[in-house]
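Residue numbers (the UniProt record's numbering): 1 to 271. Notes to accompany the following structure.
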Amino acid sequence: MFFSFLCIGILVIIHTVTAAEFQTHYCDLNISSPINNNTLYYSNLIQVLDSLASDTSISDNQFLHTSTGSIPPDIAYGLYLCRADVLPNDCRNCLLKAREDMNNNTCPFSKAAVFWSDNCMLRYSNFSMVSTMNSSTYIPECNKVNISNLDQEQNNFWQHAKNLMDRLANRASADQKKMFAHDVSSYNETQLIYGYVQCTPDLSGSDCSKCLQASIDRLREYCYGREGARVLAASCNVRYEIYKFLQFSDKPGLHYFYAAFNYYYYYYYYS
Numbered sequence: 001m002f003f004s005f006l007c008i009g010i011l012v013i014i015h016t017v018t019a020a021e022f023q024t025h026y027c028d029l030n031i032s033s034p035i036n037n038n039t040l041y042y043s044n045l046i047q048v049l050d051s052l053a054s055d056t057s058i059s060d061n062q063f064l065h066t067s068t069g070s071i072p073p074d075i076a077y078g079l080y081l082c083r084a085d086v087l088p089n090d091c092r093n094c095l096l097k098a099r100e101d102m103n104n105n106t107c108p109f110s111k112a113a114v115f116w117s118d119n120c121m122l123r124y125s126n127f128s129m130v131s132t133m134n135s136s137t138y139i140p141e142c143n144k145v146n147i148s149n150l151d152q153e154q155n156n157f158w159q160h161a162k163n164l165m166d167r168l169a170n171r172a173s174a175d176q177k178k179m180f181a182h183d184v185s186s187y188n189e190t191q192l193i194y195g196y197v198q199c200t201p202d203l204s205g206s207d208c209s210k211c212l213q214a215s216i217d218r219l220r221e222y223c224y225g226r227e228g229a230r231v232l233a234a235s236c237n238v239r240y241e242i243y244k245f246l247q248f249s250d251k252p253g254l255h256y257f258y259a260a261f262n263y264y265y266y267y268y269y270y271s
């Protein structure tokens with residue numbers, strides 16, 4: 001396990017990686033008054049998190065937002081988004097894990113926070129987040145291996161990856177119902193690039209496109225030349241790899257095969 005700290009403007013990002021899974025969280029320390037366990041807001045927040053983590057009717061797009069309270073500033077807002085290929089039970093388990101981590105004082109003084117992992121995002125705040133695009137709260141994650149030591153080869157690879165991600169961003173932002181897209185592209189005779197993009201379904205197509213494009217630009221800014229990378233933002237996420245990391249399949253056995261493969265690949269090339 002290792003910890004790295006990344007500060008972006010007023011944001012504080014805390015990134016945690018283990019061999020077993022990827023997870024990270026963001027605590028908004030810019031809220032003027034810190035959270036207090038004895039306040040009505042805290043009581044409402046606990047209800048919101050419990051409601052999201054115990055959702056028994058996970059929908060096809062695996063997205064839900066809710067709130068508790070009636071008078072600001074004591075209203076607590078929350079939402080979750082699971083990766084589109086994740087099975088409902090895995091989505092639920094991911095949310096329970098996120099809820100547990102938040103309950104263990106992950107962000108003890110913050111009225112707003114985001115938890116990301118491979119399978120889901122859980123987010124809460126003291127203001128409404130629905131239909132409001134946020135691409136400024138983000139964290140990049142880069143494969144530690146370069147595709148090549150040659151500048152020209154790195155540039156060629158990035159151009160292929162960017163073209164793929166741009167196509168996916170256009171597809172996802174045009175599909176108001178799904179708000180995600182995935183595909184594979186050939187880099188050369190032997191190498192494929194797999195890509196995935198996703199927005200929270202409450203966004204407009206225009207805001208989804210803006211969030212995805214900002215995240216794709218950050219792929220280059222932070223992870224240029226790397227074999228794989230992702231950027232997780234509060235309203236969207238993007239990722240590319242040279243291996244199949246999604247679990248879309250009509251055969252249940254392959255779903256678990258890909259999950260196991262991702263586990264070992266992440267251990268050797270990211271941790």
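Virtual Cβ for every residue (Gly too), placed ideally from N, Cα, C.
| Query | Result |
| --- | --- |
| Own chain residues within Cβ distance below 7 angstroms of Asn119, not counting five before or after | Cys82, Arg83, Val86, Asp90, Cys91 and Cys94 |
| Residue range of the alpha helix (DSSP H) that includes Ala161 | Asp151 to Ala174 |
| For Ser186, the nearest candidate out of Val197, Thr68, Phe157 and Asn170 (CA to CA) | Phe157 |
| Selected residue, minimal CA-CA separation from Tyr42, among Gly69, Lys244 and Gln23 | Gly69 |
| Pro88 in three-state terms, based on DSSP | helix |
| Residues near Arg220 by beta carbon distance below 8 angstroms, same chain, minus five either side | Trp158 and Lys162 |
| Contact under 7 angstroms by Cβ, Tyr222 with Pro140 | yes |
| Contact between the stretch 101-113 and the stretch 141-156 (3+ Cβ pairs under 8 angstroms) | no |
| Residues bridged to Ile193 [DSSP beta-bridge criterion] | Ser185 |
| For Leu49, three-class secondary structure by DSSP | helix |
| Cut-off 8 angstroms between Cβ atoms - residues of its own chain near Leu49, not counting five sequence neighbours on either side | Gly78, Arg99, Met102, Asn103, Leu122 and Tyr124 |
| Alpha carbon of Ala38 to alpha carbon of Asp28, nearest angstrom | The sequence given here places Asn at residue 38; Ala does not occur at that position. Approximately 20 angstroms between the Cα atoms of the pair. |
| CB contact flag (Ala234, Thr132, <7 angstroms) | no |
| Cβ pair Ala169, Leu212 closer than 7 angstroms | yes |
| Gln247 (DSSP reduced to helix, strand or coil) | coil |
| Separation of Lys244 from Val114, as counted between CA atoms | 26 angstroms |
| Beta strand (DSSP E) segment containing Leu203, residue limits | Segment: none, Leu203 is in no beta strand (DSSP E) and carries neither H nor E. |
| Cβ shell of Ser51 (< 6 angstroms), same chain only, five flanking positions each side left out | Thr66 |
| 8 angstroms contact criterion, which Val238 and Met165 should meet: CB distance rounded | 6 angstroms |
| Reduced DSSP secondary structure (H/G/I, E/B, other) of Ser131 | coil |
| Close-in-space but distant-in-sequence residues of the same chain around Ala53 (CB under 6 angstroms, 5 per side omitted) | Leu95, Leu96 and Arg99 |
| Straight-line gap, Ile13 to Val145 (C-alpha atoms, nearest Å) | Its pLDDT being 40, under 50, Ile13 is placed unreliably in this model, and the coordinates cannot settle the point. |
| Among Gln154, Asp217, Gly225 and Phe22, the one whose alpha carbon lies nearest that of Ser135 | Asp217 |
| Residue interval of the beta strand (DSSP E) (run including Pro140) | Tyr138 to Cys142 |
| As assigned by DSSP and simplified to three states, the class of Met121 | strand |
| Spatial neighbours of His182 in its chain, beta-carbon cut-off 6 angstroms, leaving aside the 5 residues before and after | Tyr196 and Leu246 |
| Asn237 in three-state terms, based on DSSP | strand |
| First and last residue of the uninterrupted beta strand (DSSP E) at Leu29 | Counting along the chain, Leu29 falls outside any beta strand (DSSP E), and DSSP gives it neither H nor E. |
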